[in-house]
Structures are given as structure tokens and as C-alpha cells.
Amino acid sequence: MASNIPIESEQPELVGNSVRPTTICEEDVLLAITRQELELEQARHSDITCQVRDIRSRLEELAQDEASQQEPLRRSQSANWRAERAARGITTIVNLEQSRLDDGQRLGAEVISEQGGPAVESAAGDADGSRQTTLAGFGSQGAETQIVPRRTDRNTRFNFQEFVAHEPDKEHQGALAIVAEAAAADGGEPKRTIRIDFVHVEPGGDSFVISDVVEVDQANSDDLARVRRIARDYMRKGYYLFDKERNQFNPTDCFRKVVDDGTHMIVLQRILGDEHQEEDSSRAKRRR
């Protein structure tokens, strides 16, 4: 007799509301594996990117630290360099001043040994005028050749060859350059002046003495007036004004002429006969 018990049979797996069977093939498995590997690779790439970013940040910090440490060193080296330049400039100035002092002492000894030889008084006061005459000859071709390598100042005495070679402003600009170098190292402004020498021709015409040294700022009208005033006072004392080429000029144009010709030197000389006249006048005044 047949049994009425139902026989259970295998039923297909249902997905969601679908009644269709799900078939898992080899391609689906490979696709899933590939997707997982790609996700892992992306995660590793992200980690590496973060590590690179951290390394770059650290390198930048190290570079900034090094720069901050180098800056004080650079400032210190720059300060040392400026100090060395200033010290060299000061040393040179001291040497020049010592040379000037030595020359002054030597000249003082010469003046004493000459027992009060003729000297030119410092210019002061104000007077004007000009006299036309010819300059008595000075210098000789037989004078000993000697170029002046030393620092010159007021009362420096020359022979003829030294007088010809004397370039007061060239010497002055050399000294200013040294001072300017030191001033620039300290951030200061350099001086901009020129030097004018009044040089007295002593009797005989073979000896010359710097009687006045004037530093002039050409932009300063007071400085220019001072040169003219000194020149006028020398003329009032009986001196004539000449350039190195024996051309005579007056107090008004003497400064510009010696600057234009580049000599920067005003030559002073009493014409033969004027000296005796002045001595006679002095004696007459004393008698009165």
C-alpha cells in the first residue's frame, strides 16, 4: 500500500524575493578577490602617502631649524667683518696722525735750528683787491729730485721737486677713502670735501712751506667764502696769489681756478722789493 507521507526534495536557494536560483561562477569569485586586493593596495598607497607627507614636513622643520641657527652665525660673521674693516681704518688713521705729528716735530726742530726764519702768519680778517705783476722766479732745474711720500700738513716744508709733485687733494681723498670705509661699515655717511693748500714761496724761490690747509665742501657757500677771505687777508699782508704755472689771480676767482686746473694749491709770494718796503713801513711805525 502506497504511503501518503510526502517526500522532501531539494529546493533551490532563494535570494530576497527572487525565486530564481543563484549561480556562483568562477568569474564572480575572481572579481571579488580582485576587488579586495585593489582595496588593500589603495590602503597601502594611502599609508605611504601619509608617510611621505610626514617625512617632507619633518625635512621642512629641519631646514627651518638650520636656517634659524645659521642666521645668528651670519650676523656674527658680518659684525666681525665690519669691526675688522673699522679697526683697519682706525689703525691707518692713527698711523697717518702719527706721521703728521712726527713731521710737525721735525719741522719745529728745523725752525728752531734756523733761529726764527721767515714764516707766514695765519690768515684772518677780510680785505679785497688784486695787483697785476709778474711772479719772481722760483725753483731751479738743478734741485734734487725728491717726491713727497709722506703726510703733509700746515708748516710742511718742500724743496722745488716736492713742491711740483705735491697734490694736496689727491692725498686728502686717499685719507677720506679710508675714513669712508670705516664709516660705511658703521652705516655712517662719508665726508665729501676737497683740500686747498696755501703754499708760501720763501725768499730765494727754492723752499716752500704750506701756510694754510683748508678743507672745503663745494656745496657749502661758507667754505668757499672762507677760502676767499684767507686769500684776501694774504693780499692785505703783501702777498700775491699765483697758481703752479705762475699765473696770477685774485681772491675772487682763485678757488675755482685751482680746482679747475686740478692743482688745488694757491701759491703765495711777496714780490722782491715789497718785503723791504714792508720792513721800512714797520720801522717807521715803531719810530712813531
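Residue numbering for the sequence shown follows full-length UniProt numbering, beginning at 1 and increasing consecutively.
Glycine residues also receive a C-beta, built at the ideal position from the N, C-alpha and C atoms.
| Query | Result |
| --- | --- |
| Same chain only: Cβ atoms within 8 Å of residue 228, ignoring 5 sequence neighbours per side | 251, 252, 254 and 255 |
| Whole-angstrom distance between residue 158 and residue 268, CA atom to CA atom | 14 Å |
| Where the beta strand (DSSP E) through residue 197 begins and ends | 194-201 |
| C-alpha distance - residue 271 paired with residue 194, whole-angstrom precision | 29 Å |
| First and last residue of the uninterrupted alpha helix (DSSP H) at residue 234 | 221-236 |
| Backbone secondary structure at residue 266 - three-state DSSP | strand |
| Straight-line gap, residue 181 to residue 170 (C-alpha atoms, nearest Å) | 17 Å |
| Opposing strand residues paired with residue 39 [DSSP bridges] | Looking at the DSSP assignment, residue 39 forms no beta bridge with any residue, so it has no partner. |
| For residue 245, three-class secondary structure by DSSP | coil |
| Residue from 222, 61, 35 and 266 with nearest C-alpha to residue 235 | 266 |
| Residue from 209, 204 and 205 with nearest C-alpha to residue 289 | Outside the shown range of the chain, which is 1 to 288, sits residue 289, and nothing can be said about it. |
| First and last residue of the uninterrupted alpha helix (DSSP H) at residue 260 | 254-260 |
| Backbone CA spacing between residue 224 and residue 212 [nearest angstrom] | 15 Å |
| Distance, residue 240 Cα to residue 232 Cα | 10 Å |
| Residue 323 in three-state terms, based on DSSP | Examination of residue 323 is not possible in this model, given that the chain is present from 1 through 288 alone. |
| For residue 162, the first and last residue of its enclosing alpha helix (DSSP H) | 160-165 |
| Endpoints, beta strand (DSSP E) assigned at residue 211 | 208-216 |
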